[in-house]
Amino acid sequence: MPVFTTTAKFTHRFSLPTTATFSAAITILRDHDWLLRLDPELDSYTHLELPNEKPNAKTKTYRVTDNMAGIPKSIWDAKVNIDVQITDVDEGVDFLANAPMGVVQGAKWRIVKMEGGWQLVIETNITSSRLVIGIVKGKGEANAPMMGKAFIEALEVDVSTEP
Numbered sequence: 001m002p003v004f005t006t007t008a009k010f011t012h013r014f015s016l017p018t019t020a021t022f023s024a025a026i027t028i029l030r031d032h033d034w035l036l037r038l039d040p041e042l043d044s045y046t047h048l049e050l051p052n053e054k055p056n057a058k059t060k061t062y063r064v065t066d067n068m069a070g071i072p073k074s075i076w077d078a079k080v081n082i083d084v085q086i087t088d089v090d091e092g093v094d095f096l097a098n099a100p101m102g103v104v105q106g107a108k109w110r111i112v113k114m115e116g117g118w119q120l121v122i123e124t125n126i127t128s129s130r131l132v133i134g135i136v137k138g139k140g141e142a143n144a145p146m147m148g149k150a151f152i153e154a155l156e157v158d159v160s161t162e163p
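To convert, note that position 9 of the sequence shown is 9 in UniProt numbering; the numbers rise steadily by one, no gaps.
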């Protein structure tokens, strides 16, 4: 790893409602549109259909445009394009974002059976320049509780509408 590059890791766990089922939780988690819209700085996104991508591929690639108003324009324009890959896996999704300035953020979102019920576990790993790691980690740490709350709310709505 280059001398000016570093990593940050953190994990968040969210207990799901006792009425939650694995099936309902995984369905919400694999809704890529819903997942991408959790980004509080999202401006827009498009699905990038890559030449080798099969119609029902487990991995989809997106070009996400974020409005990063907090970044000084002398460092980077407020509109930032980020390439994101989301891969559906048995217990959830893998999320990989490649952002400008060499920022790479991976997250494993998993639905895990724990004593007492199901949990959403988000394990995040960020690699970036030492100059911006604090900003990127801070945003990730700050956004995780909001994402967990939104997931639980979506799950509660889904469970309440089941026949």
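Yeah, the Cβ is synthetic: ideal placement off N, Cα and C, and Gly gets one too.
_In chain order, each alpha helix (DSSP H) run of at least 4 residues that lies wholly inside the UniProt domain "DUF7053" (6-155)_ = Within the UniProt domain "DUF7053" (6-155), the complete alpha helix (DSSP H) runs of at least 4 residues are 22-29 and 32-36.
*Should Ala144 be labelled buried (16 or more other beta-carbon atoms within 10 Å of its own) or exposed?*
Ala144 comes out buried.
*Grab me the residues of Thr18's own chain with a C-beta within less than 6 Å of its C-beta, minus the 5 sequence neighbours each way, in chain order.*
Answer for Thr18: Gly117, listed in chain order.
*Looking at C-alpha atoms only, which residue of Gly92, Ser15, Ala97 and Val64 is the closest neighbour of Leu27?*
According to the sequence as given, residue 27 is Thr; it is not Leu. Relative to the Cα of Thr27, the nearest Cα in the group Gly92, Ser15, Ala97 and Val64 belongs to Gly92.
*Compute the Euclidean distance between the alpha carbons of Val104 and Pro51, then round it to the nearest angstrom.*
Cα-Cα distance, rounded: 23 Å.
*Three-state secondary structure assigned by DSSP to Val157*: Assigned with DSSP and collapsed to three states, Val157 falls in helix.
*Rounded to a whole number of angstroms, what is the C-alpha to C-alpha distance between residue 179 and Lys9?*
Residue 179 falls outside the range modelled here, since the chain spans only 1 to 163, and no answer is possible.
_Please state whether the Cβ-Cβ distance between Thr127 and Thr7 is less than 9 Å._
For Thr127 and Thr7, yes; Cβs fall inside 9 Å.
*Please list, in chain order, all residues of the same chain as Arg63 whose beta carbon is under 7 Å from its beta carbon, the five residues on each side excluded.*
Cβ within range, chain order: Tyr45, Thr46, Leu48, Asn81 and Asp83.
*Cα-Cα separation, Leu36 to Ala99*: Distance from the CA of Leu36 to the CA of Ala99, rounded to the nearest whole angstrom, comes to 15 Å.
*Skipping 5 residues on each side, what residues in its chain have a beta carbon closer than 7 Å to that of Leu38?*
Non-local beta-carbon contacts of Leu38 in its own chain, meaning distances under 7 Å to residues more than five positions away in sequence, involve Met147 and Ala150 in chain order.
*asked:* Please report the distance separating the alpha-carbon of Glu141 from that of Glu53.
replied: Just so you know, the alpha carbons of Glu141 and Glu53 end up roughly 32 Å apart.
_Option nearest Val157 by Cα separation, candidates Ala20, Thr11 and Arg13_ = Considering only alpha carbons, the answer is Ala20.
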